[in-house]
Amino acid sequence: MILVLVLALVLAVIVIARRYATELAREKAPTALETLNQRYIKGEITREEYLRMKKDLEKP
Numbered sequence: 002m003i004l005v006l007v008l009a010l011v012l013a014v015i016v017i018a019r020r021y022a023t024e025l026a027r028e029k030a031p032t033a034l035e036t037l038n039q040r041y042i043k044g045e046i047t048r049e050e051y052l053r054m055k056k057d058l059e060k061p
């Protein structure tokens, strides 16, 4: 009986930890526009490229 309770507790901890990790990953993932802004700030793309890509991202 105790073994079943311990296994249930371990399983519950694993499930909760996975859900929490998934939520954190979603929150930290940058949007495409944020990535584009960072590339422009770092000088990886020109102003013209930035504006063209930004326009593409903002299309409905």
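Counting in my numbering, the sequence shown runs from 2 upward without gaps.
Positions of the beta carbon are idealized from the N, C-alpha and C atoms, including for glycine.
Exercise for review: Label L37 either buried or exposed according to how many other C-beta atoms from any shown protein chain fall within 10 Å of its C-beta, with 16 as the threshold for buried.
Suggested key: Your numbering for residue 37 matches position 36 in the sequence shown. Buried: at least 16 other Cβ atoms inside 10 Å.
Review point. Helix, strand or coil: which one does DSSP assign to T47?
Key: Translated into positions along the sequence shown, residue 47 becomes position 46. Of the three classes helix, strand and coil, the one that applies to T47 here is coil, per DSSP.
Exercise for review: Put K60 into one of helix, strand or coil per three-state DSSP.
Suggested key: Counted from its first residue, the sequence shown places residue 60 at position 59. K60: coil per DSSP, three-state reduction.
Exercise for review: Whole angstroms is fine: what's the gap from A13's alpha carbon to R19's?
Suggested key: Counting from 1 along the sequence shown, the entry for residue 13 is found at position 12. Counting from 1 along the sequence shown, the entry for residue 19 is found at position 18. Rounded to whole angstroms, A13 to R19 spans 10 Å at the Cα level.
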